[in-house]
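Going by our numbering, the sequence shown opens with residue 54, and the numbers climb by one from there. Ideal placement from N, C-alpha and C gives every residue a C-beta, glycine not left out. Below is one structure, written out as structure tokens, with a few remarks after it.
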Amino acid sequence: MASRRSYRSTARTRTGAVTPFGSRTDVGCVREHNEDSLIVAPPLYVVADGMGGHAAGEVASEIAVSTVARHAPERADAQELGRAVQAANEAIIHAAAEGRGREGMGTTCTAAMIDEDRLVIAHVGDSRAYLYDGSRLHQLTRDHSLMANMIEAGQLTAEEARVHPNRSWITRALGNDPDTEPDLYEITVKAGDRLLLCSDGLTTMLRDAQIESTLSQVKDPQRCAAQLVNEAIAAGGVDNVTVVVVDIAGQRERQVRRVALRTKLTMAFVVLLVAAVLGVGGYGSWWYLSHSAYLADEDGYVAVYQGVPGEVLGLGYSRLVEVSDVPVADLPAGSAERIQGTLRVSSLNEAYALVSQYREEAQARRKGRS
Numbered sequence: 054m055a056s057r058r059s060y061r062s063t064a065r066t067r068t069g070a071v072t073p074f075g076s077r078t079d080v081g082c083v084r085e086h087n088e089d090s091l092i093v094a095p096p097l098y099v100v101a102d103g104m105g106g107h108a109a110g111e112v113a114s115e116i117a118v119s120t121v122a123r124h125a126p127e128r129a130d131a132q133e134l135g136r137a138v139q140a141a142n143e144a145i146i147h148a149a150a151e152g153r154g155r156e157g158m159g160t161t162c163t164a165a166m167i168d169e170d171r172l173v174i175a176h177v178g179d180s181r182a183y184l185y186d187g188s189r190l191h192q193l194t195r196d197h198s199l200m201a202n203m204i205e206a207g208q209l210t211a212e213e214a215r216v217h218p219n220r221s222w223i224t225r226a227l228g229n230d231p232d233t234e235p236d237l238y239e240i241t242v243k244a245g246d247r248l249l250l251c252s253d254g255l256t257t258m259l260r261d262a263q264i265e266s267t268l269s270q271v272k273d274p275q276r277c278a279a280q281l282v283n284e285a286i287a288a289g290g291v292d293n294v295t296v297v298v299v300d301i302a303g304q305r306e307r308q309v310r311r312v313a314l315r316t317k318l319t320m321a322f323v324v325l326l327v328a329a330v331l332g333v334g335g336y337g338s339w340w341y342l343s344h345s346a347y348l349a350d351e352d353g354y355v356a357v358y359q360g361v362p363g364e365v366l367g368l369g370y371s372r373l374v375e376v377s378d379v380p381v382a383d384l385p386a387g388s389a390e391r392i393q394g395t396l397r398v399s400s401l402n403e404a405y406a407l408v409s410q411y412r413e414e415a416q417a418r419r420k421g422r423s
């Protein structure tokens, strides 16, 4: 059965304000597995589109986003963000050599960081970054693809490229060449601008004009992300589709960034603390925390957390990843009790699979009551 992951992504600052971003990923209508991955951890936002088939593409994209998150700088710096993407490339190659995933697996990676009026991007592949400035949509990144090369050479129009049988051929990806380097971008942004990161599952289904229309009309970033994914699925959904929408919001964004920095410092301390408690090295404790996950009740919805529940010396060592669209109240009693008591799982992938299962359980119960 195809696994479908569709989330209402929210996170809160210490003041309780909801951060101005939204995200959604979906398997689409044709594929059986979702090989896309994303991370939303202000001020860092990453989208990766894996390739290589089941147990390969999803492994590559997950390694990419988690490695970029681990190596990303604390503040927006294009060179440092580029090095984080290069570290992801090395990690994917190393994983394949050790038998995790498959030889030849790869992924695109588009990573962005926002710091007040500065936006920096590190980019490999044909996922994209766009900026909507309130009146016009601008494509910020250049596709590393055969189609982009042919368009620039005057051999194809953009419209012809959208339906070309070789439209999925990319010329640069993470995972197949240790010397792969990302393109780096630095852009000045202003309050009111809107950043869009997306996999090609969106851009092969929707023209830029339709994307621009939705970005301009749907003001809430989470609803906007969900609407874009829904439109791509309605247009055929031939590929996995992943969308991240971020509103540039001045002081509010600075507040989110400061919280994110404190969180990173706390996590660094906790890694050392867990290393002492478990008797493992720093990398082993980081691996343990970053690969652990659990489900819990967040404002009445099933939520996915990375890390482990509880506190040590008054410090928590987990972070909210996604708040799903599954109401805990709609679950069978046994499932609801497990969520309310925090349900630990072995990985984020297992957490996502359980959310999909709970979504089906909730839908079945709602149908039974109607």
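query, result
"Cα separation between Q410 and C251?", "26 angstroms"
"For the 8 angstroms Cβ check, are there 3 or more pairs between the region 266–286 and the region 78–97?", "yes"
"What would DSSP say about G264, mapped onto helix, strand or coil?", "Position check: residue 264 holds Ile in this sequence, whereas Gly was assumed. Of the three classes helix, strand and coil, the one that applies to I264 here is helix, per DSSP."
"When you compare the region 269–284 with the region 191–202, are there three or more beta-carbon pairs, one atom per stretch, that lie closer than 8 angstroms?", "no"
"On the CB-based measure, 16 or more other CB atoms within 10 Å of its CB, does E88 come out buried or exposed?", "buried"
"Where does Q192 sit, in a helix, a strand or coil, going by DSSP?", "strand"
"Once DSSP output is grouped into helix, strand and coil, what is the label at S399?", "coil"
"If I measure Cβ to Cβ from D190 and keep anything under 7 angstroms in the same chain, skipping five residues before and after, which residues do I get?", "Asp is not the amino acid found at residue 190; the sequence shown has Leu there. Closer than 7 angstroms at Cβ, skipping near neighbours: Y183, D261, I264, E265 and L268."
"I believe A164 touches V99 by the beta-carbon criterion, under 8 angstroms. Please report the beta-carbon distance rounded to the nearest angstrom.", "4 angstroms"
"Note the first and the last residue of the continuous beta strand (DSSP E) segment covering H147.", "Not the beta strand (DSSP E): H147 falls in the alpha helix (DSSP H), residues A131 to A150."
"Per DSSP, what kind of secondary structure is H197 in: helix, strand or coil?", "coil"
"Here's a check: name, in chain order, each residue in its chain whose Cβ is nearer than 8 angstroms to the Cβ of S388, leaving out the five neighbours to either side.", "Y411 and E414"
"Pull up the distance between the alpha-carbon of N385 and that of Q359, whole angstroms please.", "Note that residue 385 is Pro in the sequence shown here, rather than Asn. Distance between the alpha carbons of P385 and Q359 is about 24 angstroms."
"If you draw a straight line from the alpha carbon of A417 to that of D383, how long is it in whole angstroms?", "9 angstroms"
"Look at the alpha carbon of E213 and the alpha carbon of I392, and state the distance between them as a whole number of angstroms.", "49 angstroms"
"Using alpha carbons as the reference points, say which of I145, L248 and F74 lies closest to G105.", "I145"
"Could you tell me which of A117, P235 and V93 sits nearest to D102, measuring between CA atoms?", "A117"
"Locate the alpha helix (DSSP H) running through L97, then write down its first and last residues.", "Note, L97: premise wrong, no alpha helix (DSSP H); beta strand (DSSP E) at L97 to M104."
"Quick one: Cα of G75 to Cα of S399, how far?", "26 angstroms"
"Ends of the beta strand (DSSP E) at A346?", "A346 to E351"
"Express the C-alpha separation of R77 and D300 in angstroms, rounding to a whole number.", "15 angstroms"
"V291 lies in the alpha helix (DSSP H); which residues open and close that run?", "Neither: V291 is in no alpha helix (DSSP H) and is coded neither H nor E."
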